[in-house]
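This report concerns only the one structure given below.
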Amino acid sequence: AQTVTQSQPEMSVQEAETVTLSCTYDTSENNYYLFWYKQPPSRQMILVIRQEAYKQQNATENRFSVNFQKAAKSFSLKISDSQLGDTAMYFCAFMKHSSNTGKLIFGQGTTLQVKP
Amino acid sequence: NAGVTQTPKFRVLKTGQSMTLLCAQDMNHEYMYWYRQDPGMGLRLIHYSVGEGTTAKGEVPDGYNVSRLKKQNFLLGLESAAPSQTSVYFCASSHSGGWETQYFGPGTRLLVL
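Those protein sequences? They're chains A and B, same order as listed. With the working numbering as the guide, the letters of the first sequence map in order to residues 234 to 349. With the working numbering as the guide, the letters of the second sequence map in order to residues -6 to 106.
As structure tokens, this is what we get:
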């Protein structure tokens, strides 16, 4: 069975600085997808960024980028130039490529507070 | 487009009561999902559907039933609510499985006394 672990329950960062959220996962699969979702205080879950395991190049989306280390089974999220609107809970998630059912396995979440 | 909507937003039940949570999407998505979110545990998949008329069990299906009679709607039922089902419930939908983005509803907060 796959598991996803986010070891940082809470983090804080000053506005305009950079912060990195950690995520590790356990799987015997060779091909899979990894995601970071954001849940702001409104509770609406929003996809931030995603990565396919067979792609070595790290995904980037504007101020958001990932550091994907397949051998270490690590998938960290870097937020550059943090903004107050980045305050949210962030979830790392895993999906098997082979299932095609869309079943996501989520980590426990990291609450990020961006301070002015 | 409204995206994914959930009804109701908040509900209080007594132990043993039943209720149905409604999820609706207007994006013509084939796949729909029900998750529950509990403190310190992230989101866990309850049931999902890969098309109209189909349903399947997720990680934590016990105590819940679902139906997908219409493509745009996915219903989650609690036949006999228990305090352990106090949670925030999220519905999501996607065009297909795998790489496709899942779009989430705003959530339903359920309190079972």
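Where a beta carbon is used, it is the ideal one built from N, C-alpha and C, also for glycine.
If we call anything under 9 Å between Cβ atoms a contact, is residue i one with residue j?
{"i": "B/G98", "j": "B/V5", "result": "no"}
{"i": "A/L267", "j": "A/A286", "result": "yes"}
{"i": "A/F339", "j": "B/G33", "result": "no"}
{"i": "B/L38", "j": "A/L337", "result": "yes"}
{"i": "B/V81", "j": "B/G100", "result": "yes"}
{"i": "A/T253", "j": "A/I312", "result": "yes"}
{"i": "A/W269", "j": "A/A305", "result": "no"}
{"i": "B/S89", "j": "A/G335", "result": "yes"}
{"i": "B/S42", "j": "B/M20", "result": "no"}
{"i": "B/S60", "j": "B/T48", "result": "yes"}
{"i": "B/G91", "j": "B/M12", "result": "no"}
{"i": "A/P242", "j": "A/T344", "result": "yes"}
{"i": "B/T94", "j": "A/R296", "result": "no"}
Once DSSP output is grouped into helix, strand and coil, what is the label at residue i?
{"i": "A/L337", "result": "coil"}
{"i": "A/L317", "result": "helix"}
{"i": "A/S309", "result": "strand"}
{"i": "A/Q239", "result": "coil"}
{"i": "A/Q272", "result": "strand"}
{"i": "B/S11", "result": "coil"}
{"i": "B/Q65", "result": "coil"}
{"i": "B/S77", "result": "helix"}
{"i": "B/D55", "result": "coil"}
{"i": "A/N300", "result": "strand"}
{"i": "A/C256", "result": "coil"}
{"i": "B/E72", "result": "coil"}
{"i": "A/S331", "result": "coil"}
{"i": "B/G91", "result": "coil"}
{"i": "A/A292", "result": "coil"}
Looking only at DSSP bridge pairs, what is residue i linked to?
{"i": "B/H40", "result": "B/W27, B/K50"}
{"i": "A/Q346", "result": "A/S245"}
{"i": "B/Y96", "result": "B/S86"}
{"i": "B/Q18", "result": "B/V(-3)"}
{"i": "A/E285", "result": "A/Y266"}
Quick check on residue i - is its C-beta less than 9 Å from some C-beta in chain B?
{"i": "A/V299", "result": "no"}
{"i": "A/P274", "result": "no"}
{"i": "A/G335", "result": "yes"}
{"i": "A/L280", "result": "yes"}
Can you confirm whether residue i, when its beta carbon is compared against all beta carbons of chain A, has any partner nearer than 9 Å?
{"i": "B/V3", "result": "Before going further, note that residue 3 of chain B is Phe rather than Val in the sequence given. No - not a single Cβ of chain A is within 9 Å of the one on B/F3."}
{"i": "B/R61", "result": "no"}
{"i": "B/W27", "result": "no"}
{"i": "B/E52", "result": "yes"}
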